[in-house]
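>
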Amino acid sequence: MASHNEDAGNVTPQLNVEPNDESKMWRLTEIRESSQYRSLKLPENLGVTKISSLVYTSSGNVILALASNAIHLLWKWQKNERNSKGKATASVSPQLWQPSSGILMTYDVHEPNHEEAVSCFALSKNDAYVISTSGGRMSLFNMMAFKRVTSFMPPPPAATYIVFHPQDNNIIAIGMDDSTIQIYNVRLDVVKSMLKGHSKRITGLAFSHVLNVLVSSGADSQLCVWSTVGWEMQRAKSLQLRGQSISQSDTRVQFHQDQTHFLVVHEAQIAVYETAKLECFKQWVPRESDAPISHATYSCDSQLIYASFLDATVCVFTAGNLHMQCCIIPSAYLSPGISNSNIHPVVVAAHPEDPNQFALGMSDGGVHVFEPLESEGKWGVPPPLENGFAEGVPAAPSIAASGFDQAPT
Numbered sequence: 025m026a027s028h029n030e031d032a033g034n035v036t037p038q039l040n041v042e043p044n045d046e047s048k049m050w051r052l053t054e055i056r057e058s059s060q061y062r063s064l065k066l067p068e069n070l071g072v073t074k075i076s077s078l079v080y081t082s083s084g085n086v087i088l089a090l091a092s093n094a095i096h097l098l099w100k101w102q103k104n105e106r107n108s109k110g111k112a113t114a115s116v117s118p119q120l121w122q123p124s125s126g127i128l129m130t131y132d133v134h135e136p137n138h139e140e141a142v143s144c145f146a147l148s149k150n151d152a153y154v155i156s157t158s159g160g161r162m163s164l165f166n167m168m169a170f171k172r173v174t175s176f177m178p179p180p181p182a183a184t185y186i187v188f189h190p191q192d193n194n195i196i197a198i199g200m201d202d203s204t205i206q207i208y209n210v211r212l213d214v215v216k217s218m219l220k221g222h223s224k225r226i227t228g229l230a231f232s233h234v235l236n237v238l239v240s241s242g243a244d245s246q247l248c249v250w251s252t253v254g255w256e257m258q259r260a261k262s263l264q265l266r267g268q269s270i271s272q273s274d275t276r277v278q279f280h281q282d283q284t285h286f287l288v289v290h291e292a293q294i295a296v297y298e299t300a301k302l303e304c305f306k307q308w309v310p311r312e313s314d315a316p317i318s319h320a321t322y323s324c325d326s327q328l329i330y331a332s333f334l335d336a337t338v339c340v341f342t343a344g345n346l347h348m349q350c351c352i353i354p355s356a357y358l359s360p361g362i363s364n365s366n367i368h369p370v371v372v373a374a375h376p377e378d379p380n381q382f383a384l385g386m387s388d389g390g391v392h393v394f395e396p397l398e399s400e401g402k403w404g405v406p407p408p409l410e411n412g413f414a415e416g417v418p419a420a421p422s423i424a425a426s427g428f429d430q431a432p433t
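Each residue of the sequence shown is one higher than the last, beginning at 25 in our numbering.
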């Protein structure tokens, strides 16, 4: 690894102050104890396995999760004296909602290898419907009744990612395990278009209603941009890591609030791309000694990025320059027996109205909600911009627990 003199990007940025004046020195905010933040593990008694997908409803008072064993979980916060707004919060426990019939909202599981199947779902813009699957037929559920309305599109191929069209809830884009993308009209039960450009299964899809494009990512580590007018491919590019081709792995994409830039999440990097030219202009890369990235998402205002790692570390980045400003150590939210195991976050979801609240879906079926302390109001303090780091490729500070509180030399 390069020395500090060879690679200034490997030192934690700080203000230009006298070496002994530590009161003015910027430090990465570490959270090691539960008293340093607010968190809540959501109640669950259904014996679910790994949380595959996780989302807040747009109303901000419900979290919906999909477990890999085909069970949907829905938690709802009620408006009361302790929660006057009735929104999701780590201060008050929600109710795990179950139908009065006792019948869980589940879907067809494609036997015999459903444990290896990709579980995915998408929530319609008005929170009225959810479409989900786990290797079998796709199911459309009415969220009000928590009841399946219909099933369609039996495999093969199996669906691996689903997203609703931003202007038409009847249209969905479905990424498939045969590397195609199907544009499907649910109401008419017809495939409008089939997009071909990837070489492996589709792992991410995101629409921009401003640019009228669909961005796709695949296990082939390739990004494609498609026009939503005629569904032609406009451009494609393979992910790069410091000029080298990147390992083939699941890649996720998500549009920034400005609808012209998008977040790219891969186990070996977090990057921000400009859509028109499909160019990467910001990239954060973990060090070789750090755990791979498991997932990441924008905060609702796109000012922060919440990222999780396979060692259960959770980090908060400034979205503008991908500087790490806060890190949550696994022992701060996992019990001692769990934090030393292989339990880790699989998916991160951001609250739709509170930019400082997010939730984690875990590999053991747990779901945790996180908020900063009320006295703090935010996750740490962003690094200063005066040191010259803000405009370059972001640094890659170590996320090893031993390296957080060491002042740069």
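We treat Cβ as the ideally placed atom computed from N, Cα and C, and that holds for glycine.
As the structure is a prediction and not an experimental result, all values here were calculated from the model.
Would you kindly work out how many angstroms separate the C-alpha atoms of residue 316 and residue 292, rounded to a whole number?
Approximately 6 Å, taken between the alpha carbons.
> Anyone know if the C-beta pair for residue 331 and residue 341 falls short of 9 Å?
Cβ atoms of residue 331 and residue 341: closer than 9 Å.
> For residue 89, which three-state DSSP category applies?
Three-state result, residue 89: strand.
> When the distance is taken between beta carbons, is residue 120 closer than 9 Å to residue 97?
Cβ distance < 9 Å, so residue 97 and residue 120 count as in contact.
> May I ask you to report which of helix, strand or coil DSSP gives residue 46?
Residue placement at residue 46 is flagged as unreliable, the pLDDT there being 43, under the threshold of 50; a coordinate-derived value is accordingly withheld.
> If contacts are defined as beta-carbon pairs under 8 Å, then residue 68 and residue 389 qualify, I think. What distance do you get, rounded to the angstrom?
Rounded, the Cβ-Cβ distance is 7 Å, consistent with contact.
> Which residues mark the beginning and the end of the beta strand (DSSP E) in which residue 359 is found?
Per DSSP, residue 359 belongs to no beta strand (DSSP E) and is neither H nor E.
> Is the separation between the beta-carbon of residue 198 and that of residue 189 shorter than 9 Å?
It is not a contact, given that the beta carbons lie outside the stated cut-off.
> Considering only residues of the same chain and omitting the five flanking positions on each side of residue 118, which have a CB-CB separation below 6 Å?
Closer than 6 Å at Cβ, skipping near neighbours: 99, 100 and 101.
> Assign residue 211 to one of two classes, buried (16 or more other C-beta atoms within 10 Å of its C-beta) or exposed (fewer than that).
Under this definition residue 211 is an exposed residue.
> Unbroken beta strand (DSSP E) runs of length 3 or more, entirely within the segment 187–238: which are they?
Within the segment 187–238, the complete beta strand (DSSP E) runs of at least 3 residues are 195–200, 204–209, 214–220 and 226–232.
> For residue 223, which residues from the same chain have a beta carbon less than 8 Å from its beta carbon, with the 5 sequence-adjacent residues on both sides left out?
If we look at residue 223 and ignore the five residues flanking it on each side, its Cβ neighbours are 203, 242, 244 and 246.
> Buried or exposed for residue 81, please, with buried defined as at least 16 other CB atoms from any protein chain shown within 10 angstroms of its CB.
By the neighbour-count rule (16 or more Cβ atoms within 10 Å), residue 81 is buried.
> Could you please give the first and the last residue of the uninterrupted beta strand (DSSP E) stretch that includes residue 174?
Per DSSP, residue 174 belongs to the beta strand (DSSP E) from 171–176.
> Looking only at its chain, what residues have a beta carbon closer than 6 Å to the beta carbon of residue 381, apart from the 5 residues adjacent to it on each side?
Excluding residues within five positions, the ones whose Cβ falls inside 6 Å are 375 and 395.
> Going by other Cβ atoms of all chains shown within 10 Å of its Cβ, with 16 needed for buried, is residue 201 buried or exposed?
Result: buried.
> Which residues in the same chain as residue 218 place their Cβ atom closer than 6 Å to its Cβ, once the five residues preceding and following it in sequence are excluded?
These residues qualify, in order along the chain: 204 and 206.
> Work out the CA separation of residue 325 and residue 104 for me, nearest whole Å.
Going by the C-alpha atoms only, they are around 27 Å apart.
> Rounding to the nearest angstrom, what Cα-Cα distance links residue 276 and residue 227 in this structure?
Roughly 6 Å between the two C-alpha positions.
> Near residue 114, what residues of its chain come up, given a Cβ to Cβ distance below 6 Å and the 5 sequence neighbours on each side ignored?
Here the set comprises 62, 63, 64, 393 and 395.
> Consult DSSP for residue 349 and reduce its assignment to one of helix, strand or coil.
Of the three classes helix, strand and coil, the one that applies to residue 349 here is strand, per DSSP.
> Compute the distance between the beta-carbons of residue 371 and residue 77, then report whether it is under 9 Å.
Yes, these two residues count as a Cβ contact at 9 Å.
> Comparing alpha-carbon positions, which option in 156, 169 and 294 lies nearest residue 177?
Checked all of 156, 169 and 294; the closest Cα to residue 177 is 156.
> Can you tell me whether DSSP reads residue 60 as helix, strand or coil?
Residue 60: helix per DSSP, three-state reduction.
> From the DSSP output, in three-state form, read off residue 407 for me.
Residue state, collapsed to three classes: coil.
> What is the DSSP secondary structure of residue 266, reduced to helix, strand or coil?
Correct three-state label for residue 266: coil.
> Is it the case that the Cβ atoms of residue 287 and residue 278 are separated by a distance below 9 Å?
A contact, by the Cβ cut-off of 9 Å.
> Taking 6 Å as the limit between beta carbons, can you name the residues of its chain near residue 350, skipping five residues before and five after?
Here the set comprises 53, 340, 403 and 404.
> Report yes if the C-beta distance between residue 186 and residue 146 is below 9 Å; otherwise report no.
The answer is yes: Cβ separation under 9 Å.
> Please classify residue 355: does DSSP put it in a helix, a strand, or coil?
Correct three-state label for residue 355: helix.
> Is the separation between the beta-carbon of residue 346 and that of residue 296 shorter than 9 Å?
For residue 346 and residue 296, yes; Cβs fall inside 9 Å.
> What residues in its chain sit with their C-beta under 6 Å from that of residue 166, if we drop five residues either side in the sequence?
173.
> Pull up the distance between the alpha-carbon of residue 336 and that of residue 254, whole angstroms please.
Those two C-alpha atoms are separated by around 42 Å.
> Pull up the CB-CB distance for residue 111 and residue 85, whole angstroms please, since I reckon it's below 8 Å.
Between residue 85 and residue 111 the Cβ distance is about 5 Å, and since that is below 8 Å, they are a contact.
> Would the beta-carbon of residue 490 fall within 9 Å of that of residue 338?
Residue 490 lies beyond the stretch modelled for the chain, which goes from 25 to 433, so this question has no answer here.
> Would you identify the three-state DSSP class for residue 167, choosing helix, strand or coil?
Coil.
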